[in-house]
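Just so you know, my numbering puts 68 at position 63 of the sequence shown, and the rest follows in order with no gaps. Even for Gly, the Cβ is constructed at its ideal location relative to N, Cα and C. This one's a predicted model, so the numbers in the text were calculated from it and none came from an experiment. Encoded as structure tokens, the structure appears first; notes follow it.
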Amino acid sequence: MATYNKRVGVIGSINTDVVCNTDVLPKIGETVIGKDFLISFGGKGANEAVAASRLGASTNLLGCVGDDMFSKNAIAHLQEEGVHITAVKQVKNTMGGIANIVVSNKNNQIIVIPGANELVDTSYIKKYTARIKECSIVGGQFEIPIDALLLASQICVDNNIKFVLNPSPIKDYPKQLFDNASYVIVNEIELKTITGYDDTTPLKVLELYPSKLILTKGSDGVYYHDGTQLVHIPAIKVNVIDTTGAGDTFMGAFMMAINNNMSLKDAVLFANISAGLKTTKLGAQTGMPKLNDVKKYVKANKINLNINMD
């Protein structure tokens, strides 16, 4: 794995996804027979950290887990993925974050138990400030307490560290958090919620936040405004199998690219390719590409993108 003077940092949730597949979703009071059962690793924070690590970035993850079996397995998995977990706090007598997902065809029922993720508070951030300062770029999302994320973003501002905000899942937050961000990565729903744009003018809003607000639109690619014009990076053409974790892959890949001194356009292009390749495989983290996968795609499709990380 390549190493750099500064690391990528991620502050966020660490979850275990418990997935049951069945032909029909159970009604209240009903028991049904399922088809199969899967336990996988998730949480937007962990997903983004794994994405960045797989793509070559030395990555610090900040978050909390419990002392249950799921948490211990999640820690072991993160270590296997090469993520630095010295700032992952294991809390005694606490459950880690769990997402209980029942899937039937295209429908699902999800119960999320935040567990230890709710313990990522301001005192935790203060304790692990040194791990933040080891990074040149830090990302955060809304699956942990907002006040902790706000403090982390201010530490970034005070220490000339780029802060990347992914306001998902969307919730109320202080304007200062948006202002502290060097980059804000959103989908259309998140864009509308945080800016209040009219349905007919989503792309016009990007002009108000040049080189900062980045809009991901799935199969329609990515948009941002560079201060002069609107820039559109089309989605890559692949056989889509599973979009789970594609947004987190984009976030992790983008931070890795910025950390590697790529231009904004190249960083968005790199992240767009990485997210597209993720959709060709099953699983949020298990389907995430490695750096060589991206290099092969760039070379095979003769894309003008310099990935100098050797």
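Quiz prompt | Extent of the continuous alpha helix (DSSP H) to which Gln290 belongs | solution = Stepping through the sequence shown from its first residue, residue 290 is reached at position 285. No alpha helix (DSSP H) holds Gln290; DSSP gives it neither H nor E.
Self-check item: Cβ-based burial, Met6 [other Cβ within 10 Å; buried from 16]
Solution: If you number the sequence shown from 1, residue 6 lands on position 1. Caution is warranted here: a pLDDT of 41 is assigned to Met6, below 50, making its placement in the model unreliable, and the coordinate value is therefore given only provisionally. So Met6 ends up on the exposed side.
Practice problem: Could you say which of Asp73, His89, Lys167 and Lys138 lies nearest to Asn266 if we only look at CA atoms? | Solution: As a working mapping, residue 266 is identified with position 261 in the sequence shown. It is Lys167.
Quiz item: Is the distance from the Cβ of Val15 to the Cβ of Ala54 below 8 Å?
Solution: Within the sequence shown, residue 15 is the residue found at index 10, counting from 1. Within the sequence shown, residue 54 is the residue found at index 49, counting from 1. Yes.
Quiz item: For Asn266, does the three-state DSSP call read helix, strand or coil?
Solution: Residue 266 sits at position 261 when you count from the first residue of the sequence shown. In this structure, Asn266 counts as coil in the three-state DSSP scheme.
Self-check item: C-beta atoms of Val108 and Val24 nearer than 8 Å
Solution: By 1-based counting over the sequence shown, the position of residue 108 is 103. By 1-based counting over the sequence shown, the position of residue 24 is 19. The answer is yes: Cβ separation under 8 Å.
Quiz item: Beta-carbon separation of Leu296 and Leu60 under 8 Å?
Solution: Your numbering for residue 296 matches position 291 in the sequence shown. Your numbering for residue 60 matches position 55 in the sequence shown. Cβ distance < 8 Å, so Leu296 and Leu60 count as in contact.
Quiz prompt | Status (buried if at least 16 other CB within 10 Å, exposed otherwise) for Ala135 | solution = For this step, residue 135 is matched to residue 130 along the sequence shown. Exposed: under 16 other Cβ atoms inside 10 Å.
Practice problem: Any chance you could list the alpha helix (DSSP H) runs of at least 4 consecutive residues sitting entirely within the region 182-260, in chain order? | Solution: 193-200 and 207-211
Quiz item: Do you know how far the Cα of Lys301 is from the Cα of Met293?
Solution: Taking the first residue of the sequence shown as 1, we reach residue 293 at position 288. Taking the first residue of the sequence shown as 1, we reach residue 301 at position 296. If I take the Cα positions, the gap works out to 15 Å.
Exercise. Just grab the DSSP bridge partners of Thr64 for me.
Key: Residue mapping note: residue 64 aligns to position 59 of the sequence shown, counting from 1. DSSP, once it has assigned bridges, lists Val13 as partnering Thr64.
Quiz item: Would Ser224 be called buried (16 or more neighbouring beta carbons within 10 Å of its own) or exposed?
Solution: Against the sequence shown, residue 224 aligns to sequence position 219. When all chains shown are included, Ser224 counts as exposed.
Practice problem: Quick one: using the 10 Å Cβ neighbour count with 16 as the cut-off for buried, is Ala304 buried or exposed? | Solution: As a first step, residue 304 is located in the sequence shown; it is residue number 299 there, counting from the start. Looking at the sequence itself, residue 304 is Lys, so the reference to Ala does not match. When all chains shown are included, Lys304 counts as exposed.
Quiz item: How far does the alpha helix (DSSP H) with Asn52 in it reach, from first residue to last?
Solution: As a first step, residue 52 must be located in the sequence shown, where it is residue number 47. Asn52 -> alpha helix (DSSP H) spans Lys49 to Arg59.
Practice problem: Have a look at Ile116 and Ile103 and give me their C-alpha separation to the nearest angstrom. | Solution: On the sequence shown, position 111 is the one that residue 116 refers to. On the sequence shown, position 98 is the one that residue 103 refers to. Near 8 Å, if we compare the C-alpha coordinates of Ile103 and Ile116.
Quiz item: Which residue from Glu195, Ala251, Leu310 and Asn20 puts its Cα closest to that of Asn73?
Solution: Sequence index remark: in the sequence shown, residue 73 carries index 68 (1-based). In the sequence under discussion, the amino acid at residue 73 is Asp, which differs from the Asn named in the question. The shortest C-alpha separation from Asp73 is found at Asn20.
Practice problem: Going by CA-CA distance only, name the one from Thr36, Gly47, Ala62 and Val243 that's closest to Val143. | Solution: Counting from one through the sequence shown, the residue named residue 143 turns up at place 138. Here the closest residue by C-alpha is Ala62.
Quiz item: Going by DSSP, what residues sit across from Thr27 in a beta bridge?
Solution: The residue you call residue 27 lines up with position 22 of the sequence shown. Looking at the DSSP assignment, Thr27 forms a beta bridge with Gly39.
Practice problem: Locate the beta strand (DSSP E) running through Val117, then write down its first and last residues. | Solution: Position 112 of the sequence shown, counted from the start, is the residue given in the question as residue 117. Its beta strand (DSSP E) spans residues Asn112 to Ile118.
Quiz item: Which residues share a DSSP beta bridge with Asp22?
Solution: The residue labelled residue 22 in the question sits at position 17 within the sequence shown. Answer is Ser45 and Ala104.
Self-check item: Whole-angstrom distance between Lys132 and Lys317, CA atom to CA atom
Solution: Residue 317 lies beyond the stretch modelled for the chain, which goes from 6 to 315, so this question has no answer here.
Exercise. Please classify Leu170: does DSSP put it in a helix, a strand, or coil?
Key: To locate residue 170, count along the sequence shown from 1; it is residue 165. In the structure shown, Leu170 sits in a strand (DSSP, three-state: E or B).
Quiz item: Run through DSSP, which three-state label would Asn306 get?
Solution: By 1-based counting over the sequence shown, the position of residue 306 is 301. Residue state, collapsed to three classes: coil.
Quiz prompt | Proximity of Ile106 and Asp22 at Cβ, strictly below 8 Å | solution = For this step, residue 106 is matched to residue 101 along the sequence shown. For this step, residue 22 is matched to residue 17 along the sequence shown. For Ile106 and Asp22, yes; Cβs fall inside 8 Å.
Quiz prompt | CB contact flag (Leu208, Tyr228, <8 Å) | solution = If you number the sequence shown from 1, residue 208 lands on position 203. If you number the sequence shown from 1, residue 228 lands on position 223. Yes, Cβ-Cβ distance for Leu208 and Tyr228 is below 8 Å.
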